[in-house]
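Mind the numbering: the sequence shown is residues 9 to 484 in the working numbering, read in order.
In this text, a Cβ means the ideal position worked out from N, Cα and C, and glycines have one as well.
These figures come from a predicted structure and were not determined experimentally.
As structure tokens, the structure follows; a few thoughts come after it.
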Amino acid sequence: MSSEQDHLKETDTEARFEFKKEQNAAVKSDKGLTEEIIRMISEDKDEPDWMLERRLRALKQYQNMPMPTDWPGQPDLTQLDVEEIVPYIRPDADKREGVDDWTDLPDEIKDTFDKLGIPEAEKNALSGVGAQYESEVVYQNMQEQWEEKGVIFCNMDKAVQEHPELVKEHFMTTCVPPSDNKFAALHGAVWSGGSFVYVPEDVTVEMPVQAYFRMNSEGMGQFEHTLIIAEEGSEVHYIEGCSAPKYGTHNLHSGGVEVFVGEDAHVQYSTVQNWSKNTFNLNTKRAICEENGTMEWVSGSMGSKATMLYPCTILKGRGATDTHITIAFAGEGQDIDTGAKVYHNAPDTSSTIESKSISKDGGRTNYRGLVHIADGAENSSTAVECDALMFDNESTSDTMPYMEIEESKVDVAHEATVGKIGDEDIFYLQSRGLDDDDAKKMIVAGFIEPITEELPIEYAVELNRLIELEMEGSLG
């Protein structure tokens with residue numbers, strides 16, 4: 009490995025994320041969204057007829073749905089023109105299903121992920137690693153000990169071919185149907201790549217499974233789909249990272265995530281998203297929890313021009329539990345609208361939502377949440393806590409919690425705080441020998457600690473460094 013690569017990985021986080029490669033595509037679709045483009049994508053993937061039919065149905069639903077423009081305080085989407093987005097780029101890699109050996113990747117793709125630190129993550133004893141470049145997964149690996157126990161970790165395109173019954177049953181049927189919203193329908197029409205994770209009954213995957221999604225080309229859309237199925241009594245931690253370099257035209261990220269948590273199963277889904285300021289980040293993520301199942305979401309969002317991200321959990325079975333821990337960072341020209349949705353549809357269910365947001369240089373953050381407790385979901389409980397930190401008078405932070413309580417025998421709590429970094433706090437730290445910038449960084453690090461302590465160390469370090477760069481105004 010070159011000394012330049014070592015330098016980028018070890019010392020320069022900004023360079024690691026902001027570098028870009030010349031596009032080298034084997035297949036590239038036209039801009040926009042037409043039936044011809046959908047058929048081309050499906051044909052290039054050699055998909056079965058049933059998946060093409062699902063894509064075409066989703067396309068019709070997308071075309072019949074209006075853009076979401078009437079939400080109070082929502083990010084401005086008027087600059088997003090889907091007709092100017094390239095929805096599908098297949099990179100020039102020899103093996104369509106991806107490779108198992110890192111050295112088999114084309115040099116330009118391998119160099120990109122080397123700089124992002126993907127091989128190092130695998131060497132740090134992660135259970136499996138997948139890497140997606142543009143519209144396709146180009147590298148996938150799962151440690152043999154988990155394969156022997158029946159764990160499946162592969163890309164979604166391979167899952168369609170090799171595990172069709174599991175995919176047919178779960179893919180955009182009950183969890184995230186295309187009819188859910190316009191961008192879910194868009195995703196259902198043009199999805200490409202992503203991860204498929206299946207954990208058999210009573211199997212615990214003791215180390216995290218990781219995926220990384222890189223959008224390199226200008227003016228493209230990335231629409232990866234992640235499908236996680238954790239059977240009864242199983243346990244798995246899935247981590248994803250996302251990034252894109254800065255360009256002068258807009259990119260679109262509209263991923264889809266579906267998580268099925270079986271009875272007494274436990275799933276943690278962690279993501280650190282660092283999109284560039286030309287990217288619209290519009291995702292649909294949802295989990296369904298059976299009896300005594302546990303779902304945990306840990307999310308860090310920053311870098312994009314506009315983000316609308318509200319992971320949702322449906323607590324379907326008695327005793328199911330959900331936790332959302334999120335952090336959002338908005339700088340100049342950014343509108344980061346994040347939050348969580350939880351549906352308590354059974355008795356004795358519980359949920360916790362903890363949201364942290366930071367805004368500076370006129371950026372805007374917003375918590376937008378929904379907690380619904382259905383009639384009959386007695387003895388359920390929910391607690392929502394929203395904390396916002398602002399650097400200046402030009403920045404804004406809003407909180408829009410929404411509670412729908414249809415059952416009287418429940419425990420509901422909500423609290424929110426908004427504040428600026430106080431001069432007295434800075435003065436105190438300066439009196440202990442820190443300069444102004446280091447004092448602010450220490451305050452922010454303490455503020456986001458509930459998030460970072462839930463992440464593996466390499467991700468926690470990366471998240472802290474990215475936020476430091478945002479505070480310095482050096483990213484995007």
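| Query | Result |
| --- | --- |
| Coarse secondary structure for Ala-192, derived from DSSP in three states | helix |
| Neighbourhood of Glu-402 by C-beta distance below 8 Å, restricted to the same chain and skipping five residues each side | Asp-369 and Gly-370 |
| Backbone secondary structure at Ser-309 - three-state DSSP | strand |
| Neighbour-count burial assignment, Pro-186, 16 or more Cβ in a 10 Å radius | buried |
| Beta-carbon contacts of Ala-396 that lie in its chain and below 6 Å, excluding the five residues immediately before and after | Ser-365, Ser-405 and Val-426 |
| Closest Cα partner of Ile-296 within the set Cys-320, Ala-197 and Asn-387 | Cys-320 |
| Range of the contiguous alpha helix (DSSP H) that encloses Asp-343 | Run containing Asp-343: none in the alpha helix (DSSP H); it sits in the beta strand (DSSP E), 343-352. |
| Burial state of Gly-339 (16 or more Cβ within 10 Å) | buried |
| For Met-408: DSSP bridge partner residues | Arg-376 |
| Spatial distance of Met-75 from Ile-93 (CA atoms) | 16 Å |
| Bridge-paired residues (DSSP) for Asn-259 | Thr-287 |
| Gln-562 - DSSP class collapsed to helix/strand/coil | Because the chain is modelled from 9 through 484, residue 562 falls outside the range shown and cannot be assessed. |
| Ile-361 versus Arg-47 - alpha carbon distance | 41 Å |
| Run of the alpha helix (DSSP H) containing Val-168, from where it starts to where it stops | 164-170 |
| Distance, Gln-342 Cα to Glu-177 Cα | 38 Å |
| Beta-carbon proximity check, Gly-347 vs Leu-317, cutoff 9 Å | yes |
| C-alpha gap between Thr-373 and Lys-313, whole angstroms | 12 Å |
| Close Cβ partners of Ala-424 (< 7 Å) along its chain, the five nearest in sequence each way excluded | Cys-394 and Thr-407 |
| Per-residue burial, Asp-57 [other beta carbons within 10 Å of its own, 16 or more giving buried] | exposed |
| As assigned by DSSP and simplified to three states, the class of Ala-295 | strand |
| Tyr-70 (DSSP reduced to helix, strand or coil) | helix |
| Proximity winner among Asn-291, Glu-243 and Leu-290, relative to Ala-273 (alpha-carbon distances) | Glu-243 |
| Residues of its chain near Asp-356, where Cβ-Cβ distance is below 7 Å and the 5 sequence neighbours each way are ignored | Arg-326, Gly-327, Asn-387 and Ser-388 |
| Secondary structure of Arg-98, DSSP reduced to three states | strand |
| Closest residue to Val-275 among Leu-290, Phe-231, Met-228 and Val-217 (Cα-Cα distance) | Val-217 |
| Same chain only: Cβ atoms within 7 Å of Leu-64, ignoring 5 sequence neighbours per side | Glu-43 and Ile-46 |
| Through-space distance from His-332 to Arg-294, alpha-carbon basis | 12 Å |
| Pick from Val-184, Lys-157 and Asn-189 that is closest to Glu-209, judged by C-alpha positions | Lys-157 |
| Nearest candidate by alpha-carbon position, reference Met-73, set His-245, Pro-80, Ala-193 and Ser-359 | Ala-193 |
| Residue from Asn-291, Leu-378 and Thr-329 whose Cα sits closest to the Cα of Ala-354 | Thr-329 |
| Proximity below 9 Å, CB of Phe-231 to CB of Pro-95 | yes |
| Counterpart residues of Leu-235 in DSSP-defined beta bridges | Phe-204 and Glu-266 |
| Sequence-distant residues of the same chain with beta carbon closer than 7 Å to Ala-133, five excluded per side | The predicted model places Ala-133 with a pLDDT of 41, which falls under 50 and marks its position as unreliable, so this point remains unresolved. |
| Option in Val-35, Phe-455 and Gly-264 with minimal Cα separation from Asp-188 | Gly-264 |
| Whole-number beta carbon distance between Gly-201 and Asn-259, since they are thought to touch under 8 Å | Not confirmed; about 15 Å, so no contact. |
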